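Same order as they appear, the protein sequences are chains A and B. 170 is the number of the first residue of the first sequence in the working numbering; add one for each residue after it. 320 is the number of the first residue of the second sequence in the working numbering; add one for each residue after it.
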Amino acid sequence: MRDKVCVVGVGNTQYGNFPETDSYGLGAQALAAAVEDAGLSFKDIDGLIVNRIPSYERFAQMVGINPQFCLPTDMAGRFASVSLTIAAQAVASGAAETVALVYGNNGRSKRMLYGGAEGGQWNPWGMTSPGATHAMMWRMHMDRFGTTTDDLGRVASTFRKHASLNADAVMRTPFTLEDYHQARPICEPLRLLDYCLINDGGVAWIVTTPERAKDLRKPPVYVSGYAQRDVFEQATPRDDFWYPALQQIAGEVYDRAGIGRDEIDGLMIYDNFTPTVLFTLEGLGFCPQGESGNFIKDGILELGTGRLPANTNGGHLSESYMQGWALIAEAVRQARGECGDRQIEGARAIQYACAANIASSIIFRRD
Amino acid sequence: MADMPQPAIDPWNKPFWDACEQEKLVVQRCGETGRAWFPPSPVSPYAPAAEWDWMECSGEGEVLSWVVFHQKYFAGFTDRLPYNCALIKLKEGPLLVSNIDGPNDSISIGQQVRVLFERRGDVKVPIFRAKDRS
Chain A
170 MRDKVCVVGV
180 GNTQYGNFPE
190 TDSYGLGAQA
200 LAAAVEDAGL
210 SFKDIDGLIV
220 NRIPSYERFA
230 QMVGINPQFC
240 LPTDMAGRFA
250 SVSLTIAAQA
260 VASGAAETVA
270 LVYGNNGRSK
280 RMLYGGAEGG
290 QWNPWGMTSP
300 GATHAMMWRM
310 HMDRFGTTTD
320 DLGRVASTFR
330 KHASLNADAV
340 MRTPFTLEDY
350 HQARPICEPL
360 RLLDYCLIND
370 GGVAWIVTTP
380 ERAKDLRKPP
390 VYVSGYAQRD
400 VFEQATPRDD
410 FWYPALQQIA
420 GEVYDRAGIG
430 RDEIDGLMIY
440 DNFTPTVLFT
450 LEGLGFCPQG
460 ESGNFIKDGI
470 LELGTGRLPA
480 NTNGGHLSES
490 YMQGWALIAE
500 AVRQARGECG
510 DRQIEGARAI
520 QYACAANIAS
530 SIIFRRD
Chain B
320 MADMPQPAID
330 PWNKPFWDAC
340 EQEKLVVQRC
350 GETGRAWFPP
360 SPVSPYAPAA
370 EWDWMECSGE
380 GEVLSWVVFH
390 QKYFAGFTDR
400 LPYNCALIKL
410 KEGPLLVSNI
420 DGPNDSISIG
430 QQVRVLFERR
440 GDVKVPIFRA
450 KDRS
C-alpha cells in the first residue's frame with residue numbers, strides 16, 4: 170500500500186460554540202473547503218465516509234452526491250485513522266477513485282457529556298468517563314516508572330504554546346507549569362488542563378490515486394504506511410498502557426512507509442488526555458518505556474527548538490476536539506508546508522498516532 | 320438523597336448480582352483453561368466453545384491503581400465527592416473496578432484488600448477494604 174493513495178484536499182470550519190448549525194452543517198462546510206482546497210468539484214466524489222454525522226444518506230442528499238462507496242464509522246476518536254485507512258483501501262482496490270471523508274461534531278452546543286451515561290459497566294461504583302480511565306492508567310505509570318504530573322503539565326503547556334500560533338485554536342493563552350498544577354482536579358491524578366476541549370466543528374479530507382492527483386490544485390501528500398492493533402480483551406482500564414500493541418505497530422509502520430523513525434519531522438499524537446502522548450512516545454519507541462518524562466523535559470516536542478515538534482495546531486488539548494480529524498489535517502498541511510508561523514521547517518514526513526483500544530499510526534509524506 | 324446508579328442487568332450478569340445479594344462474589348471460570356473472567360459474558364474468552372461454571376471467589380485482591388473523582392457525574396454520588404474508584408486484581412485473576420472503604424489518602428498500589436458488600440438501591444455492591452484496616 171506504500172504511496173498508493175494520497176490526500177489531495179483538507180478543510181475545516183472554525184472551532185467553537187455554534188448553536189445556529191449542527192453536524193450536517195459543519196460537515197458540509199468542511200467538505201466544501203476540502204473540495205475547494207483540492208480544486209475538485211462535488212461531482213468528482215465517488216466515495217463517502219461520514220463520522221458523527223447521524224445519517225450518511227441525508228448528508229449525501231444535502232451535498233448532492235451519489236457515490237459508489239459509502240460508509241458511516243463509529244463515533245470514537247480512534248476511528249479517525251480507521252476511516253482514512255478504509256478509504257485508502259477503497260481507492261487502492263478501485264472500489265472508488267475519489268473518497269471524501271467528513272466529520273461533523275456539535276457536541277459543545279448540544280452540551281454533550283463524556284461520562285455518566287446510563288448502562289456503563291462500572292456505574293454502580295461511580296466509575297465513568299474516558300478521563301477517569303486515563304487517570305487510572307497514569308497512576309500506574311507513575312508508580313511503575315517514577316513519572317510525575319509535571320511531565321503531563323509539560324505536554325499540556327507545550328501544546329498550548331503551539332495553539333497560541335494558530336488562529337483557529339479555541340484556547341490560545343499560554344500557561345506555566347504552576348498554572349497547570351493550580352487548575353481544578355477532575356479525576357485525580359488528572360486536572361482540568363489534562364483534558365481535551367469540547368467544541369463544535371467540522372473537518373474533511375479527500376483522498377484519491379497519485380494518478381488523479383496530478384492535475385489537482387495542491388501537491389499530493391501520500392499515505393505512505395499505516396499499522397493498527399486492536400486490543401479488546403480488558404473491560405477495565407488497561408494495565409499495559411497499550412505498550413505491546415504500539416510496539417507491534419512500530420515494528421510495521423516504518424517498514425511499510427519505507428522510512429526510519431529518525432526521518433520523522435513531526436508528530437500528531439491523539440491527545441484526548443495528556444497521558445496518551447507519553448504512552449505513544451514510549452510505545453512507538455521514540456524513547457524507552459518509562460522514560461517519556463525525561464525525554465520531553467528539555468522541549469523536544471516544541472516548535473522551533475525541539476527535534477520532534479508535536480501537535481503543532483495545539484491538539485485536542487488546546488486547538489479543538491475534532492477526535493484526530495484536525496490532527497490529520499494538520500499533518501497534511503505540515504507536509505505541504507502551509508502552516509505559516511507554526512510550520513515545521515522543511516517538514517517532509519509527519520506521523521500520526523493514536524494510543525487506544527484500536528491503536529494505530531499513519532505516516533504521511535510529501536515525496 | 321438521589322438514587323445511586325444501578326447496574327444494567329442482562330442474562331449474563333444476573334447470577335453475579337443475585338450472588339451479591341447473598342454477599343458472595345462470583346465469577347465465571349473456563350472449563351478448558353481454568354481461567355476466570357469478569358464482567359460476565361455468554362462464552363469463555365479463552366475457549367469460546369468450552370463449558371464454563373460459576374466460581375465463588377475468596378474475596379481477596381490487590382489494588383493495581385486508583386483515582387479520586389472531584390467531578391460530579393452521578394447525582395447519587397454527589398454526597399460522596401471526592402470519592403475513590405480502584406482497579407482491583409482478584410486473587411482468582413480477573414480485574415474489576417470497585418471502591419475502597421476508607422480515607423482516599425490511605426489507598427496505595429499493591430495494597431491487599433478484602434471484599435465487603437454495601438447496599439446501594441436495589442443491589443448490594445461489592446466494595447473492598449484494606450486487610451490491615453478490617
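Ideal Cβ positions, reconstructed from N, Cα and C, are used throughout, including at glycine. No experiment lies behind these values; they were computed from the predicted model shown.
Indicate whether residue i and residue j have their beta-carbon atoms separated by less than 8 Å.
i: A269(A); j: L217(A); result: yes
i: R221(A); j: G427(A); result: no
i: L253(A); j: V392(A); result: yes
i: P359(B); j: W331(B); result: yes
i: V345(B); j: W371(B); result: no
i: I446(B); j: D420(B); result: yes
i: L477(A); j: L436(A); result: yes
i: G515(A); j: F328(A); result: no
i: G115(A); j: W494(A); result: Nothing in the structure corresponds to residue 115(A), since chain A is present only between 170 and 536.
i: Y423(A); j: L496(A); result: no
i: A202(A); j: G233(A); result: no
i: Y395(A); j: I531(A); result: yes
i: W307(A); j: L359(A); result: yes
i: F464(A); j: L450(A); result: yes
i: T317(A); j: G462(A); result: yes
i: G378(B); j: R433(B); result: yes
i: V416(B); j: P401(B); result: no
i: P413(B); j: W336(B); result: no
i: C349(B); j: G295(A); result: no
With distances taken Cα to Cα, identify the nearest neighbour of residue i among the options.
i: E381(B); options: G395(B), K408(B), N403(B); result: K408(B)
i: I328(B); options: F447(B), R452(B), D451(B), D441(B); result: D441(B)
i: L361(A); options: G185(A), A404(A), H350(A); result: H350(A)
i: P324(B); options: Q416(A), A325(A), Q403(A), A286(A); result: A286(A)
i: D510(A); options: L334(A), K212(A), Y364(A); result: L334(A)
i: K410(B); options: G429(B), V387(B), A369(B); result: G429(B)
i: M281(A); options: Y392(B), R354(B), K450(B), W336(B); result: Y392(B)
i: A321(B); options: E379(B), G378(B), D398(B); result: D398(B)
i: A207(A); options: N186(A), R381(A), L195(A); result: R381(A)
i: E471(A); options: D434(A), G288(A), K387(A); result: D434(A)
i: L447(A); options: E421(A), D431(A), D409(A), R534(A); result: D409(A)
i: E375(B); options: F388(B), K333(B), K343(B); result: K343(B)
i: S489(A); options: R535(A), H331(A), P388(A); result: H331(A)
i: D348(A); options: I527(A), D536(A), G322(A); result: G322(A)
i: T267(A); options: N186(A), Q230(A), L385(A), D320(A); result: L385(A)
i: P457(A); options: A500(A), V400(A), G506(A), P413(A); result: P413(A)
If I measure Cβ to Cβ from residue i and keep anything under 8 Å in the same chain, skipping five residues before and after, which residues do I get?
i: S192(A); result: R221, I222, P223, G273, N274, N275, G371
i: C356(A); result: S298, G300, A301, A304
i: A404(A); result: Q290
i: T474(A); result: G468
i: T342(A); result: R329, S333
i: I255(A); result: I218, L240, T242
i: G454(A); result: Q416, A419, R430
i: H389(B); result: L400, P401
Quick one: what's got a C-beta closer than 6 Å to residue i's C-beta in the same chain, skipping five residues either side?
i: S529(A); result: S250, Q397, C523
i: A525(A); result: R247
i: A238(A); result: Note on identity: in this sequence residue 238(A) is Phe, with Ala being the wrong assignment. Same-chain partners within the cutoff: G216, A259, A264, A265.
i: V174(A); result: A257, V260, A261, V376, V392
i: C508(A); result: R502
i: E351(B); result: A366, A369
i: K443(B); result: C339, E340, F436
i: G284(A); result: T297, S298
i: A394(B); result: A321
i: M491(A); result: G370, V372
i: M244(A); result: R221
i: P241(A); result: V219, Y225
i: P188(A); result: S278
Could you check how far apart the C-beta atoms of residue i and residue j are, in whole angstroms? I think they sit under 8 Å.
i: Y184(A); j: V339(A); result: 5 Å
i: A199(A); j: V271(A); result: 6 Å
i: V219(A); j: F211(A); result: Their Cβ separation, rounded to whole angstroms, is 15 Å, which puts V219(A) and F211(A) out of contact at 8 Å.
i: T443(A); j: V324(A); result: 5 Å
i: I519(A); j: A498(A); result: Not quite, the Cβ-Cβ distance comes to about 11 Å (not below 8 Å), so this is no contact.
i: G459(A); j: R313(A); result: 7 Å
i: R535(A); j: P293(A); result: Their Cβ separation, rounded to whole angstroms, is 52 Å, which puts R535(A) and P293(A) out of contact at 8 Å.
Cutting at 7 Å between CB atoms, please list the residues of its own chain near residue i, excluding the five before and the five after it.
i: N441(A); result: G246, P299, C365, H485
- Task: Could you name each continuous beta strand (DSSP E) segment of 3 residues or more that falls completely within the segment 450 to 528 of chain A, going from the start of the chain to the end?
- Result: 518 to 523
- Please specify which runs of the beta strand (DSSP E), each continuous and at least 3 residues long, are wholly inside the segment 332 to 399 of chain B, giving them in chain order. 345 to 349, 371 to 375, 379 to 388
- Message: My parser needs the alpha helix (DSSP H) runs of 4 or more residues fully inside the segment 222 to 292 of chain A; what are they?
- Response: 225 to 232, 248 to 262
- Task: Run through the segment 390 to 450 of chain A for me and flag every whole alpha helix (DSSP H) of 4 or more residues, listed as ranges in chain order.
- Result: 412 to 426
- Task: Mind checking the segment 303 to 328 of chain A against chain E and listing, in chain order, the residues whose C-beta falls within less than 8 Å of any C-beta there?
- Result: Given the protein chain composition of this structure (A and B), no chain E is represented.
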